[in-house]
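>
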Amino acid sequence: MKLIKFFFIIFITFSSTIKADLNQDLSIELKKGGKLIFIRHAYAPGGGDPENFDINNCQTQRNLNNEGRDQAKKIGNYFKENDIPIFKV
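Last residue of the sequence shown? That's 1555 in our numbering, and every number before it is there in order.
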């Protein structure tokens, strides 16, 4: 059931006919501030934590690849270009 909800949200988010209005409305609301924005992370290939996972050692963790780094940059640029206030990360 969670997987179905996930794909439904992804479908709605990337639907081209809805996306422009959503982005404009979202930007307006986010510019007002006072919103909690939860972003887990950009694309990191694989699934779950590796066998040798150590929370204190980034080399053992599932890190972003080039695509994930590009996504993260786009997210950051979106916040900057739309003057979305950030209180705490």
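In this text, a Cβ means the ideal position worked out from N, Cα and C, and glycines have one as well.
What does the alpha-carbon distance come out to for the pair Lys1540 and Lys1546?
So the alpha carbons of these two residues sit roughly 10 angstroms apart.
> To the nearest angstrom, how far is the alpha carbon of Leu1496 from that of Phe1504?
Approximately 13 angstroms, taken between the alpha carbons.
> So, helix, strand or coil for Gly1512, using DSSP?
Here Gly1512 sits in coil by DSSP.
> Do you know offhand how far Arg1506's Cα is from Asn1532's?
Whole-angstrom Cα-Cα distance: 17 angstroms.
> How far does the alpha helix (DSSP H) with Arg1535 in it reach, from first residue to last?
Segment 1532 to 1547, the alpha helix (DSSP H) holding Arg1535.
> For Gly1534 versus Pro1511, is the C-beta spacing smaller than 9 angstroms?
A contact, by the Cβ cut-off of 9 angstroms.
> How long is the line joining the alpha carbons of Gly1542 and Gly1514, rounded to whole angstroms?
About 25 angstroms.
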